[in-house]
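A.B. asks: Next up is a structure, given as structure tokens.
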Amino acid sequence: MTKSSFATILGLISVSLLCVFCQSTPDATGAQPSSTTTVPFTPVVYDFETTPTWSDEFDYTGLPDAKKWGYDVGGNGWGNNEKQYYTKDRQENARVEGGKLIIEARKESFGSNAYTSARLVTKNKADWTYGRFVIRAKLPQGVGSWPAIWMLATDQSYSDTYWPDNGEIDIMEHVGFDQGRVHFSIHCKAYNHIIGTQRTANMMVNDASQAFHDYRLDWTPEKIVGYIDDQKYFEFANQKLSWKEWPFDKKFHLLLNIAVGGNWGGQKGIDDSIFPQRMEVEYVRVYKVK
């Protein structure tokens with residue numbers, strides 16, 4: 000054996016002994032070091048209570064329950080060049096009959112407006128952060144109609160601009176010139192229709208104006224998901240960046256309304272022959288996140 004070969008063998012033996020020593024050397028406490036284990040990431044999965052924590056079953060007659068519903072009132076265009084005047088405590092525009100809430104848009108002069116309607120809100124009567132929201136409704140139809148089931152922030156928590164910075168969740172929107180196509184959208188500082196970045200999806204519901212359907216929102220700290228009759232068609236995840244992408248960690252309230260015309264609803268004009276038009280609601284149910 001050459002000297003160089005002998006030296007190589009001694010070096011390998013030394014390295015092997017050193018590795019064994021390192022693997023078996025206790026730490027400063029005298030404990031044997033443990034091996035490193037990688038724990039797989041498990042996303043948080045949320046579920047919802049099966050009994051509503053808030054609901055209106057519309058099992059009464061007359062004006063909507065004042066303990067649950069208030070009104071947005073006026074005819075100033077509502078930021079969308081809408082043509083209706085939203086009235087208050089007027090059964091021609093909002094009433095409960097036959098076990099259903101009726102919101103009715105009418106062709107009639109009211110102040111300086113040529114149409115009337117109603118916009119019911121739960122603001123400061125019922126406000127929520129997260130939950131499952133199920134609204135069973137039958138929609139109006141006809142060019143110029145623009146019904147909506149949606150949510151807005153109850154407080155101005157972010158920035159000096161209320162909208163879109165504090166968020167909007169559109170559980171259901173339908174414009175009469177595109178009959179049967181139902182939309183779900185969210186709007187915020189980073190994602191909104193003014194700058195063309197809104198997050199949205201749509202689904203055809205051919206009998207939306209002839210039959211009742213469940214329009215549903217599942218809202219958790221992780222995501223916002225939209226359904227029609229339990230069929231998911233929209234999902235928006237919390238990117239965990241800032242309030243500009245996710246202002247949806249504050250209290251929101253529900254709104255139910257029919258607009259007439261407007262920047263979107265009136266894109267193809269308004270067909271006056273369609274009026275009156277109704278949105279009928281069988282129930283509104285809210286379920287708490289477990």
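At position 233 of the sequence shown (counting the first as 1) the number is 232 in numbering that gives the first Met the number 0, and the numbers step up by one without a gap. Quick reminder that beta carbons are idealized off the backbone N, C-alpha and C, glycines included. These figures come from a predicted structure and were not determined experimentally.
Out of curiosity, what's the CA-to-CA distance linking A200 and I170?
C.D. replies: The alpha-carbon atoms of A200 and I170 are separated by roughly 11 Å.
A.B. asks: G265 to P42, Cα distance in whole Å?
C.D. replies: 43 Å
A.B. asks: I'd like to check one pair, E172 with A189: are the Cβ atoms closer than 7 Å?
C.D. replies: In this structure, the beta-carbon distance from A189 to E172 does not fall below 7 Å.
A.B. asks: Do three or more CB pairs link the stretch 82-89 to the stretch 115-132 at distances below 8 Å?
C.D. replies: yes
A.B. asks: When you compare only the Cα positions, how much space is there between G97 and M203?
C.D. replies: 28 Å
A.B. asks: For the structure I just gave you, are there three or more beta carbon pairs, one from the stretch 279-287 and one from the stretch 126-136, closer than 8 Å?
C.D. replies: yes
A.B. asks: With a 10 Å radius around its C-beta and 16 neighbouring C-beta atoms as the bar for buried, classify S158 as buried or exposed.
C.D. replies: exposed
A.B. asks: Relative to the C-alpha of N205, which candidate in Q197, D229, E221 and D177 has its C-alpha closest?
C.D. replies: D177
A.B. asks: Within 10 angstroms of the Cβ of D271, are there 16 or more other Cβ atoms? Answer buried if so, exposed if not.
C.D. replies: exposed
A.B. asks: Assuming the contact rule is C-beta atoms closer than 8 Å, W218 and F247 should be a hit. Round their C-beta distance to whole Å, please.
C.D. replies: 7 Å
A.B. asks: Compare the beta carbon distance of P63 and A93 with 7 Å and say whether it is the shorter of the two.
C.D. replies: The answer is yes: Cβ separation under 7 Å.
A.B. asks: Mind checking V142: buried by the 16 CB within 10 Å criterion, or exposed?
C.D. replies: buried
A.B. asks: Mind checking whether G261 and N75 have CB atoms under 7 Å apart?
C.D. replies: no
A.B. asks: Run the CB neighbour count on L253, radius 10 Å, all protein chains shown included, and call it buried at 16 or more, exposed below.
C.D. replies: buried
A.B. asks: I need the boundaries of the beta strand (DSSP E) containing P146, first residue and last residue.
C.D. replies: Boundaries of the beta strand (DSSP E) harbouring P146: S144 to A152, taken from the DSSP string.
A.B. asks: Looking at the strands, I want to know which residues DSSP matches up with V280.
C.D. replies: L100 and A136
A.B. asks: If you follow the beta strand (DSSP E) that S184 is part of, which residue opens it and which one closes it?
C.D. replies: R180 to H186
A.B. asks: Could you tell me the boundaries of the beta strand (DSSP E) in which E167 lies?
C.D. replies: For E167, the enclosing beta strand (DSSP E) covers residues E167 to E172.
A.B. asks: Let me know the secondary structure DSSP gives G130 once reduced to three states.
C.D. replies: G130 sits in a strand when the DSSP states are folded into three classes.
A.B. asks: Thinking C-beta only, is K106 closer than 7 Å to F233?
C.D. replies: no
A.B. asks: State the start and end residues of the unbroken beta strand (DSSP E) segment that holds Y226.
C.D. replies: K222 to I227
A.B. asks: Can you check whether the CB of A236 is closer than 7 Å to the CB of K249?
C.D. replies: no
A.B. asks: Do you know offhand how far W77's Cα is from S144's?
C.D. replies: Their backbone Cα atoms lie some 15 Å apart in a straight line.
A.B. asks: For the putative contact between E103 and V259, defined by C-beta atoms under 8 Å, what is the C-beta separation to the nearest angstrom?
C.D. replies: That pair is no contact at about 11 Å.
A.B. asks: Taking the beta strand (DSSP E) that L253 falls in, what are its first and last residues?
C.D. replies: F251 to V259
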